[in-house]
Amino acid sequence: MSTTSKADIRALAHLARLELSDEEVARLEGELPAILGFVEKIQKVSAELPKAVSPKHRNVMRDDENPHESGMYSETLLSAAPNRIGNQVAVTQVVSRDTSSHT
Amino acid sequence: MIDLTTLTVSQARRDLDAKKYSALDLTNAYLDAIVKRDGEIHAYLEVWAETAREEAKRADVMIAAGTQKSLTGIPLAIKDNILIEGRIASAASKILENYRASYDATVITKLKAEGAVFLGRTNMDEFAMGSSTENSAYGVTRNPADTTRVPGGSSGGSAAAVAAQVALASLGSDTGGSIRQPASHCGLAGLKPTYGAVSRFGLMPMGSSLDQIGPLAKTVEDVKIIFEAIKGHDANDSTSIPDGFYPIAPLKKRIGVPRAFVEKGVDPDVLEIFNASLSRLKAAGYEIIGVDMPNLPYALSVYYIVCPAEVSTNLARYDGIRYGLSIPGGEIKEVYTKTRAAGFGPEVRRRIILGTFVLSSGYADAYYRKARAVREMIRADFEKAFDTVDAIALPTSPNPAFKIGEKTNDPVAMYLEDIFSVTANLAGVPGISVPAGRAIREGKALPVGFQLMAAHGAEETLFTIGSVVESA
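Structure, rendered in structure tokens:
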């Protein structure tokens, strides 16, 4: 289980939306098994997968009320965007005609 | 001339209130020190001299009016992953090189209300991933005790700034030891608060179930003053805990040591200093007892599954669309992959790939879910121990500060530096490192810290016991 093949690193990079050079793929092919070999020690522990225990403190969402004035923060947030058109964040083409590149 | 070498936050407060010098004098003293010394240390990524002087002048007005608070006019350095509105916050990454924060972190809002002075933002391992500050995209920070060595990390700039007398105190963040370990290597006190005690709103997330902001300073008393100023419930952080959430048990004057765990793979000098600190506590009336915490040896493995898993999800936000670096591409997927390739450094990429692996279909049960199960057992070990002891004592780090470059090509060796500190983050309990002694290496006296962890919400216990150790 601790050996990750060359294809694995490429597949992981694809899942993570991260372009890796051949050199880095080769380096990670050496490093990842070493790290996984170390962390695999936990397989020796006989631990039940956690049941649905409710923690003492849970994520607490605020009540959905008293919303801030619409548009109050729009300019601040938009001004951080690398590309914008008016009051919208501009992005390049999302859907491609070439369906083969979609995974 | 203000002597910065022995100055503490509490002393500066008394001096400022007694008008021995003004807040502007104090800020100018630090700005001068930065010019003189930070070229060699490189604790800062950016110094805000102009605005720091303005803040100091406003602090002087507060002091003259008698409306000062505990941190009015106190010059602080802020880790580069904490947002200050309008200022660059880069997390020492190329992907946020020109990013200006859209809002103040809650801790910054609180410090502004205190009238604190912000000297600048400090160097760190990129997105807080590392134990040496060598993973910064903007160069290494040097340890003031020996400039051929690392200051620790990831809050290495925040630690080196205080140790080099170029800030009176600082804020860092701690996901697996990133406040306590650099505090140990630089001879400071550093606190990782209880998970939820200090708001994470405006802290760039790394491992959201582990991250906490906390102070670094010369003394336990200073750390306490800053912690009091930044803690508290915040509606903007859904994991923030209400005041008094955890019941506090009365002091038992008993400290637990998981002996079997401590003595494995620790530098002999570090172990000697650890034992000397225990003797000091014994002399102060504390009973030292062995505690059985059978799952601690698995903590580092658990951490290096849980943390990368959270990293890989949290850092998905840096995609070149809403803020930060954006590399153009024909299709949006190309924008993502190219931006992230150009913006993230090697350790960040390593953890993203590792995190993606442990969460991926077919492996998530064996790695991520199993790690969560063992994490619960570690948490239970702590809970059981705190039935009989006030605090658990461990070395902060297994070694004194290592040489720059020594561990950069061996990720596992670097991760092993966190073996004693990750335990507190996994359990969500508070941990403190206090200066405990020095180990001599090549004629240089390298600081070594002593770590204490207490039950949820029991920071006061850490301050009480920690001040016994540091006073030596």
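Top to bottom, those sequences are chains A and L.
Residue numbering for the first sequence follows our numbering, beginning at 391 and increasing consecutively.
Residue numbering for the second sequence follows our numbering, beginning at -14 and increasing consecutively.
Glycine included, each C-beta is placed from N, C-alpha and C at the ideal position.
Bear in mind the structure is a predicted one, so any value in this text is a computation, not a measurement.
Confirm, please, whether the CB-CB distance from cysteine 171 of chain L to glycine 217 of chain L is below 8 Å.
Residue mapping note: residue 217 of chain L aligns to position 232 of the second sequence, counting from 1. Residue mapping note: residue 171 of chain L aligns to position 186 of the second sequence, counting from 1. In this structure, cysteine 171 of chain L does not lie closer than 8 Å to glycine 217 of chain L by Cβ.
With distances taken between CB atoms, is the gap from glutamate 295 of chain L to glycine 161 of chain L smaller than 8 Å?
Within the second sequence, the letter at position 310 stands for residue 295 of chain L. Within the second sequence, the letter at position 176 stands for residue 161 of chain L. Going by C-beta atoms, glutamate 295 of chain L is not nearer than 8 Å to glycine 161 of chain L.
Does any residue of chain A bring its CB to less than 8 Å from the CB of arginine 127 of chain L?
If you number the second sequence from 1, residue 127 of chain L lands on position 142. Cβ-Cβ to chain A under 8 Å: no for arginine 127 of chain L.
In or out: threonine 393 of chain A buried (at least 16 other Cβ within 10 Å) or exposed?
As a working mapping, residue 393 of chain A is identified with position 3 in the first sequence. With a pLDDT of 49 at threonine 393 of chain A, under the threshold of 50, the modelled position of that residue is not reliable, and the figure given next carries that caveat. So threonine 393 of chain A ends up on the exposed side.
Secondary structure, beta strand (DSSP E): runs of 3+ residues fully inside the stretch 235 to 312 of chain L
239 to 242, 272 to 275
Beta-carbon separation of threonine -9 of chain L and proline 60 of chain L under 8 Å?
Position 6 of the second sequence, counted from the start, is the residue given in the question as residue -9 of chain L. Position 75 of the second sequence, counted from the start, is the residue given in the question as residue 60 of chain L. The answer is no: Cβ separation not under 8 Å.
Over what stretch of residues does the beta strand (DSSP E) that includes proline 430 of chain L continue unbroken?
Translated into the one-based positions of the second sequence, residue 430 of chain L becomes position 445. Reading off the sequence shown, one finds alanine at residue 430 of chain L, where the question assumed proline. Start and end: 429 to 439.
Measuring only between beta-carbons, confirm whether methionine 278 of chain L sits less than 8 Å from chain A.
Residue numbering aside, residue 278 of chain L sits at position 293 when the second sequence is read from its first letter. So no, methionine 278 of chain L is outside the interface.
Once DSSP output is grouped into helix, strand and coil, what is the label at leucine 176 of chain L?
If you number the second sequence from 1, residue 176 of chain L lands on position 191. Leucine 176 of chain L falls in the strand class under three-state DSSP.
According to DSSP, is aspartate 398 of chain A helix, strand or coil?
Within the first sequence, the letter at position 8 stands for residue 398 of chain A. Helix at aspartate 398 of chain A.
Counted within 10 angstroms of its Cβ, other Cβ atoms place methionine 438 of chain L as buried (16 or more) or exposed
As a working mapping, residue 438 of chain L is identified with position 453 in the second sequence. Methionine 438 of chain L should be labelled buried.
Taking proline 178 of chain L as the reference, give the member of L:Leu411, L:Ala421, L:Arg423, L:Leu431 with the closest Cα.
Taking the first residue of the second sequence as 1, we reach residue 178 of chain L at position 193. Among L:Leu411, L:Ala421, L:Arg423, L:Leu431, the Cα nearest to that of proline 178 of chain L belongs to L:Leu411.
In the stretch 395 to 409 of chain L, which residues sit with their C-beta less than 8 Å from some C-beta in chain B, listed in chain order?
Here the protein chains are A and L, and chain B is not one of them.
Grouping DSSP H, G and I as helix and E and B as strand, with all else coil, what is proline 385 of chain L?
What you label residue 385 of chain L is simply residue 400 of the second sequence in a count that begins at 1. Coil, per DSSP.
Mind checking valine 484 of chain A: buried by the 16 CB within 10 Å criterion, or exposed?
For the purposes of this step, residue 484 of chain A is taken as residue 94 along the first sequence, with counting starting at 1. Exposed, because fewer than 16 other Cβ atoms sit within 10 Å of the Cβ of valine 484 of chain A.
The stretch 410 to 443 of chain A: positions lying closer than 9 Å to chain L by Cβ:
Leu410, Ser411, Glu414, Arg417, Leu418, Glu421, Leu422, Ala424, Ile425, Leu426, Gly427, Phe428, Val429, Glu430, Lys431, Ile432, Gln433, Lys434, Val435, Ala437, Glu438, Leu439, Pro440, Val443
Threonine 449 of chain L: which of L:Lys249, L:Lys209, L:Met399 sits nearest, CA to CA?
Counted from its first residue, the second sequence places residue 449 of chain L at position 464. Per the Cα distances, L:Lys209.
Does the CB of isoleucine 67 of chain L have a neighbour CB from chain A at under 8 Å?
Working through the second sequence from its first residue, we reach residue 67 of chain L at position 82. With 8 Å as the cut-off, isoleucine 67 of chain L does not count as an interface residue toward chain A.
From the DSSP output, read off the bridge partner residues of valine 479 of chain A.
Mapped onto the first sequence, residue 479 of chain A falls at position 89. According to DSSP, valine 479 of chain A bridges with A:Arg474.
Quick one: any contact between the stretch 33 to 51 of chain L and the stretch 100 to 108 of chain L, if contact means 3 or more CB pairs under 8 Å?
yes
Below 8 Å on the Cβ atoms is my contact criterion, and I expect arginine 302 of chain L with arginine 407 of chain A to pass it. Report the Cβ-Cβ distance as a whole number of Å.
The residue you call residue 302 of chain L lines up with position 317 of the second sequence. The residue you call residue 407 of chain A lines up with position 17 of the first sequence. Contact doesn't hold; Cβ gap of about 11 Å is too wide.
Threonine 408 of chain L, enclosing alpha helix (DSSP H) - first and last residue:
Residue 408 of chain L sits at position 423 when you count from the first residue of the second sequence. Here the alpha helix (DSSP H) through threonine 408 of chain L covers 407 to 412.
Could you tell me the distance, in whole angstroms, from the CA atom of proline 459 of chain L to the CA atom of asparagine 299 of chain L?
An answer regarding residue 459 of chain L cannot be provided, because it is not within the stretch -14 to 457 covered by chain L.
By Cβ distance below 6 Å, which residues in the same chain neighbour glutamate 455 of chain L in space, the five residues on each side in sequence not counted?
In the second sequence, residue 455 of chain L corresponds to position 470, counting from 1. Excluding sequence neighbours, glutamate 455 of chain L sits near Val205, Val419, Pro420.
Tyrosine 463 of chain A burial status per 10 Å Cβ neighbour count (16 or more: buried):
Here residue 463 of chain A refers to the residue found at position 73 of the first sequence. Looking at its Cβ environment, which holds fewer than 16 other Cβ atoms inside 10 Å, tyrosine 463 of chain A is exposed.
Quick check: the stretch 335 to 349 of chain L against the stretch -2 to 17 of chain L, are at least 3 beta-carbon pairs closer than 8 Å?
no
Cutoff 7 Å; reference arginine 85 of chain L; Cβ partners in own chain excluding five residues on either side
Counting from one through the second sequence, the residue named residue 85 of chain L turns up at place 100. For arginine 85 of chain L, where only same-chain residues beyond five positions count, the Cβ hits under 7 Å are Gly71, Arg72, Ile73.
Measuring only between beta-carbons, confirm whether glutamine 478 of chain A sits less than 8 Å from chain L.
One-based indexing of the first sequence puts residue 478 of chain A at position 88. It does not; no Cβ of chain L falls within 8 Å.
Mind pulling the chain L residues with CB within less than 8 Å of methionine 462 of chain A?
Here residue 462 of chain A corresponds to residue number 72 of the first sequence, with the count starting at 1. Going along chain L, no residue has its Cβ under 8 Å from methionine 462 of chain A, so there is no contact; the nearest lies around 12 Å.
Taking the alpha-carbon positions, what's the glutamate 445 of chain L to leucine 263 of chain L distance?
In the second sequence, the residue the question calls residue 445 of chain L occupies position 460. In the second sequence, the residue the question calls residue 263 of chain L occupies position 278. Those two C-alpha atoms are separated by around 19 Å.
So with CB distances below 9 Å, who are the chain A contacts of lysine 355 of chain L?
Stepping through the second sequence from its first residue, residue 355 of chain L is reached at position 370. Residues of chain A passing the Cβ test: Ile432, Gln433, Val435, Ala437, Leu439.
In whole angstroms, what separates the C-alpha of glutamate 111 of chain L from that of threonine 408 of chain L?
As a first step, residue 111 of chain L must be located in the second sequence, where it is residue number 126. As a first step, residue 408 of chain L must be located in the second sequence, where it is residue number 423. Cα-Cα distance, rounded: 22 Å.
By the three-class DSSP mapping on this structure, what secondary structure does glutamate 413 of chain A have?
Working through the first sequence from its first residue, we reach residue 413 of chain A at position 23. If DSSP states are grouped into helix, strand and coil, glutamate 413 of chain A belongs with the helices.
Collapsed DSSP secondary structure at glutamine 197 of chain L in the structure displayed
Walking along the second sequence from the start, residue 197 of chain L turns up at place 212. The answer is strand: DSSP assigns glutamine 197 of chain L an E or B state.
DSSP three-state call for proline 60 of chain L: helix, strand or coil?
Your numbering for residue 60 of chain L matches position 75 in the second sequence. Three-state DSSP puts proline 60 of chain L in a strand.
Compile a chain-ordered list of the residues in the stretch 361 to 382 of chain L whose CB is closer than 9 Å to at least one CB of chain A.
Glu361, Met362
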